[in-house]
Amino acid sequence: MARPDEPGVESPEAMKKRAAALREAAGRARTLAGPLGTHMDLPVKSATADDVWHGPYAQESTARLQKDQKTVRGLAADLNATADAWIREAERLESEAASAPK
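If you want it as structure tokens, here you go:
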């Protein structure tokens, strides 16, 4: 294992600091992902209710809303997956910092 004082080698303190920043960012990402995933639910529910509107424009608009809903849900899932990756990286950094020579 490389020594922490070698150029280009991150110190245990720096690893812990970066891990904390990753955990904080992951928490913020998860906070944003929740409402993002359901952001289009009400417009889609309203547009697809019985007897709301009819005709080709209504069908096209509703289909577009449903496509947007799927896209936004995918973005929320991707954001959660990224948050999970940040947590795994934070755990790796913390483990590496703990096993670094003192």
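So for the sequence shown, the UniProt record's numbering puts the first residue at 1; every next one is plus one. Glycine residues also receive a C-beta, built at the ideal position from the N, C-alpha and C atoms.
Could you please give the first and the last residue of the uninterrupted alpha helix (DSSP H) stretch that includes residue i?
i   : result
D68 : 56-99
K17 : 12-37
A49 : Unbroken run through A49: none, as it is neither H nor E.
Is residue i buried or exposed, if buried means 16 or more other CB atoms sit within 10 Å of its CB?
i   : result
Q69 : buried
A26 : buried
R92 : exposed
M40 : buried
Which whole-angstrom value is the C-beta distance of residue i and residue j, which I expect to be below 8 Å?
i   : j   : result
I87 : R23 : 7 Å
K45 : E94 : No, K45 and E94 are not in contact; Cβ-Cβ is about 43 Å, not under 8 Å.
L65 : A47 : 5 Å
A90 : P12 : Contact flag wrong, Cβ pair sits at about 14 Å.
Consider the Cβ of residue i: report whether some Cβ of chain B lies at a distance smaller than 9 Å.
i   : result
Q69 : In the structure shown, chain B cannot be found, because there is only a single protein chain.
Inset, instruction - Determine contact between the stretch 30-39 and the stretch 67-83, defined as no fewer than three beta-carbon pairs at a distance below 8 Å. - result: yes
Legend entry - Validate contact between the stretch 38-56 and the stretch 81-99 using beta carbons, cut 8 Å, 3 pairs: no
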